[in-house]
Amino acid sequence: MTITARKLLTVALLGAALTACGSDPAKPPQQAAGKAAPSAPAGAGAPKTASAATLAPGPGGLTPVFERAPRSPQGAQGEKVVALSFDADMTADQGPRAAGGERFDNPELIADLKRMKVPATVFMTGRWAQEYPAEARAIGTDPNFEVGNHSYSHYAFKTDCYGLPVVEKDAMRADVENATAQFKAAGVTNTVPYFRFPGGCYDDATLRALAPLKMTAVQWDVVSGDAFAKDANAVAEQVLAGVKPGSLVVMHCTRSAAPVTDTALQRIVPELRKRGYRFVKVSDLIRGTAQH
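In this note's numbering, each number is its position in the sequence shown, counted from 1, plus 1196.
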C-alpha cells in the first residue's frame, strides 16, 4: 500500500469512528428493557458516585439500555429537562497523531459549559484520559460534570459498526475495565456506572458479555450531527428541532473532529432555556425514571 493510500485509509477510518458516535445507532434484534431501580453496587468496571441511579437488568439479566426519559402518558407534556452528553473520543491507535499535534480535546467547550452553568455528562474513552490526564481530572472532579465510560479503545463491540475495528467478545470487559483504570490514574472521581457503546452499536450478545459489570448502557434520542460538521447553525438547528422533554443529546468534545460544537452551543443553550428547558445530567434523567 502506498503512503498516500495508507493516509487516506486512516482518515476514512477516523471519519467512520467519529461519525458513528453521532449517528442513529444500529438497533439490535432485541433491546434490553428494564424497570428503573435505585442504584445498586457497581461492578469492577464501574466506580460510581453515590447519587448515580441505574436501571434494573433487562430480560435474562442483560445490561439495561437507556435512551431518554419516558414520555408522559397520553401525550401529556413532561417536565422540560434535557441532558447534553459529550463523547471524548480517541482510539487506541491515535497516539502518533496526537504526538503530531492533532487535538482530540476541546477545553474551550468545557470552559463554556462551566461559564453557561450547564451540567453535562462526558463519555470518555480511556485512551483520551491517558492522553489528557489533567483535563480528564479537571472534568472528573468538577461537580458540574459526570464521567461515563466510552471504552478504552473506541473499537466497536459489535461487527459491522461503521467500519470500526472490533473488540473480541472475551476482551470486552477488559477493555471497559482498562478505561476505568485510566480514569483512576488521571484522578477522575465523578464517575457514573454508565457505558456508551462506540458507534452506539450493540446486540444481545454484547449486553450479556457486559452484564457482570452492572452498568447501564446509555444511548441517545437526539443526534446533533456535529461530527465533522462545518456549519454550527446546522448543528444547532438539528438539536433544537429534535429536543423534547426528557431528551438526551449526543455531541462531541473533540476539536479536530467536531470543530463547531462549541459555537453551536452558544445558540442551543440560550434557545432551549428560552423555551423553558432545564439542563440536567444523564444521572438525573435516570434517577427521575426510577422515581416514577
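Note that CB positions come from ideal geometry on N, CA and C, so glycine has one too.
- Rounded to the nearest angstrom, the gap between the Cα atoms of Y1390 and Q1326 is 19 Å.
- Around Q1462, the same chain offers no residue with a beta carbon nearer than 7 Å, after the five sequence neighbours per side are excluded.
- In this structure, F1379 and G1336 form a Cβ contact; the two beta carbons are roughly 7 Å apart against a cut-off of 8 Å.
- A Cβ-Cβ distance of about 4 Å is found for the pair S1420 and M1447, placing them in contact under the 8 Å criterion.
- Every beta strand (DSSP E) stretch that sits fully inside the region 1406 to 1449 and reaches 3 residues is listed by chain position as 1412 to 1414, 1443 to 1448.
- Shortest Cα-Cα distance from L1258 to any of P1303, T1412, V1278, G1297 involves T1412.
- The alpha-carbon separation between A1279 and G1438 amounts to approximately 13 Å.
- Taking the C-beta atoms as reference points, H1346 is found nearer than 8 Å to R1392.
- Judged by their CB atoms, Y1348 and T1321 are nearer to each other than the 8 Å cut-off.
- Measuring C-alpha to C-alpha distances from L1481 to each of N1429, V1277, G1254 identifies V1277 as the nearest.
- In this chain, the alpha helix (DSSP H) harbouring A1460 covers 1457 to 1470.
- Under the rule that a run must span 3 or more residues, the beta strand (DSSP E) segments found entirely inside the region 1246 to 1318 read 1277 to 1284.
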